[in-house]
Amino acid sequence: MSSSTKLIRGENDLVLTEAELALRGTEKKLAYTLSPSEIQDGAALTLEKVARIELLQRSKQIVDNMNARGLPEPRNIFTAFQIADLLGGNGFQTGRGVIEITGEASSGKTQLLLDIALSCPHRAAYVVTEGRFPGNRLCQLASNKQRWPNASMDKILISRVADLDQLMKTLDKDLPRLLTTGTIDAILIDSITWPFRVEEGCKERTKSIQDVVRKLHRFSKKYNVLIVCANQVAADLASGVLRPCLGTSWSKGVSGRLMLSIKDRELGLRNLRVDWCESYFQWCVGKDREFQIRPEGLVALNGDDPT
Numbered sequence: 001m002s003s004s005t006k007l008i009r010g011e012n013d014l015v016l017t018e019a020e021l022a023l024r025g026t027e028k029k030l031a032y033t034l035s036p037s038e039i040q041d042g043a044a045l046t047l048e049k050v051a052r053i054e055l056l057q058r059s060k061q062i063v064d065n066m067n068a069r070g071l072p073e074p075r076n077i078f079t080a081f082q083i084a085d086l087l088g089g090n091g092f093q094t095g096r097g098v099i100e101i102t103g104e105a106s107s108g109k110t111q112l113l114l115d116i117a118l119s120c121p122h123r124a125a126y127v128v129t130e131g132r133f134p135g136n137r138l139c140q141l142a143s144n145k146q147r148w149p150n151a152s153m154d155k156i157l158i159s160r161v162a163d164l165d166q167l168m169k170t171l172d173k174d175l176p177r178l179l180t181t182g183t184i185d186a187i188l189i190d191s192i193t194w195p196f197r198v199e200e201g202c203k204e205r206t207k208s209i210q211d212v213v214r215k216l217h218r219f220s221k222k223y224n225v226l227i228v229c230a231n232q233v234a235a236d237l238a239s240g241v242l243r244p245c246l247g248t249s250w251s252k253g254v255s256g257r258l259m260l261s262i263k264d265r266e267l268g269l270r271n272l273r274v275d276w277c278e279s280y281f282q283w284c285v286g287k288d289r290e291f292q293i294r295p296e297g298l299v300a301l302n303g304d305d306p307t
C-alpha cells in the first residue's frame, strides 16, 4: 500500500486514507500549532516540531495531488431560501462530503430539506426515518412555481426506513442502484439520529455510525451528489448547551454544519447559522440569517429574499 493510501486510525476516528485525513482539516490544525517562522525555518527545532512540519507539508501535497487528479467538479444547488451568500455564493455543492443540518425540534430542518429537494435540477432521494413524510407540505411548496419553477413531485423519490437494518439495506442496495442512473442530484436523510436511538452497546453503535458516514462519503465522491442529513440536538449535561447528537463518531465525518434555532416562538422567528465547515468550502462561518416558516416556504428576514 502506497503512502498516499495508507490507512490512519485514531481513537474514535473514522478509518481514513491520508488524503481523506488531509481533507478533514488536518493541515489547518497542524498549521495552528506552528508559527510562520517555524514553518519556513527548520533550524533549532525539536524532532517533534520537525515531524509536524513534515506531516503538514505532506498533507498539503496530498491535497494538491488530489486537486491535480481532479475531484468531481461540483454542481451548485440553489434553494429558494436565500442563503447562497452564507455558503460562499455557491449554494449547496455536490461531491463535497456530508452536510449536517441540526437544531431543536420545529426549527425548520425538514422544511430546508424539502426546499433542497425541490431545488434539485434532476431528482432527489429523500430517506425518511421518523414520523410520516410531509407529503401535503411538499405538494403545497411544489405548487409555488415562482420559487421553484421546475419543481415536480415525480422528481423526489421517497424511501421510508424504520430502523438501522433498513437504513443499511437502503445504503447498500437501493441507493447504489439509483445512483448508477446518473439522475440523482441529492440524498437527503431526515433524520440520521432516529435509526441509532435503540442501538445497544457503545462499540457497536460507534461502528455503525462510522459505517454510515463512510458510505455517504463514498456516494458523494463517486457519484458527485449532494449529501444532507438532518440531526437532532441534545443538551450537554455539564453546560446545558444544545449540541448535535451522535457524538464525535458522527461529527468527525461531517464536512459542514448549519445550526437552526428558534428565537421567538410567538413570532415564529427562527435563525440559521453557519456553524462550521471544512477548509475547502467557502462558507461564511459564524454568519446567520433570521427567517420564518411561511406557506411559501422558508423566508429570510435579514437577507435579500425576493418573496
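For the sequence shown, position 141 (counting from the first letter as 1) is numbered 141 according to UniProt numbering, and the numbering increases by one without interruption.
Even for Gly, the Cβ is constructed at its ideal location relative to N, Cα and C.
Alpha carbon to alpha carbon, how far is LYS252 from ILE209? On the sequence shown, residue 252 is found 252 positions in, with the first residue counted as 1. On the sequence shown, residue 209 is found 209 positions in, with the first residue counted as 1. Cα to Cα, the separation comes out at about 11 Å.
Boundaries (first-last residue) of the beta strand (DSSP E) holding LYS221: Here residue 221 refers to the residue found at position 221 of the sequence shown. Careful: LYS221 lies outside any beta strand (DSSP E), inside the alpha helix (DSSP H) at 202–223.
ARG137 (DSSP reduced to helix, strand or coil): Locating residue 137 in the sequence shown gives position 137, counting from the first residue. If DSSP states are grouped into helix, strand and coil, ARG137 belongs with the helices.
Using beta-carbon positions only, say whether SER261 and SER107 come within less than 9 Å of one another. Start at 1 with the first residue of the sequence shown, and residue 261 comes out as number 261. Start at 1 with the first residue of the sequence shown, and residue 107 comes out as number 107. Yes, these two residues count as a Cβ contact at 9 Å.
Integer-rounded CB distance, given that VAL127 should sit under 8 Å from ILE189: The sequence position of residue 189 within the sequence shown is 189, counting from 1. The sequence position of residue 127 within the sequence shown is 127, counting from 1. Contact holds; Cβ gap of about 5 Å.
Can you tell me which of the three DSSP states PRO121 falls into? On the sequence shown, position 121 is the one that residue 121 refers to. Of the three classes helix, strand and coil, the one that applies to PRO121 here is coil, per DSSP.
Going by DSSP, what residues sit across from ASN231 in a beta bridge? Against the sequence shown, residue 231 aligns to sequence position 231. DSSP lists THR102 as partners of ASN231.
Beta-ladder partner(s) of LEU188, from DSSP: Here residue 188 corresponds to residue number 188 of the sequence shown, with the count starting at 1. According to DSSP, LEU188 bridges with TYR126, VAL228.
Mind checking which residues open and close the beta strand (DSSP E) that includes ARG265? Taking the first residue of the sequence shown as 1, we reach residue 265 at position 265. Note, ARG265: premise wrong, no beta strand (DSSP E); not H, not E.
Counting pairs of beta carbons, one from the stretch 144–151 and one from the stretch 171–184, are three or more of them closer than 8 Å? no
Do three or more CB pairs link the stretch 274–291 to the stretch 84–95 at distances below 8 Å? yes
Let's test the definition: count the other Cβ atoms within 10 Å of the Cβ of LYS263 and tell me whether it reaches 16, buried, or not, exposed. Translated into the one-based positions of the sequence shown, residue 263 becomes position 263. LYS263 should be labelled exposed.
Beta-carbon proximity check, ASN231 vs THR102, cutoff 9 Å: One-based indexing of the sequence shown puts residue 231 at position 231. One-based indexing of the sequence shown puts residue 102 at position 102. Taking 9 Å as the Cβ cut-off, ASN231 and THR102 qualify as a contacting pair.
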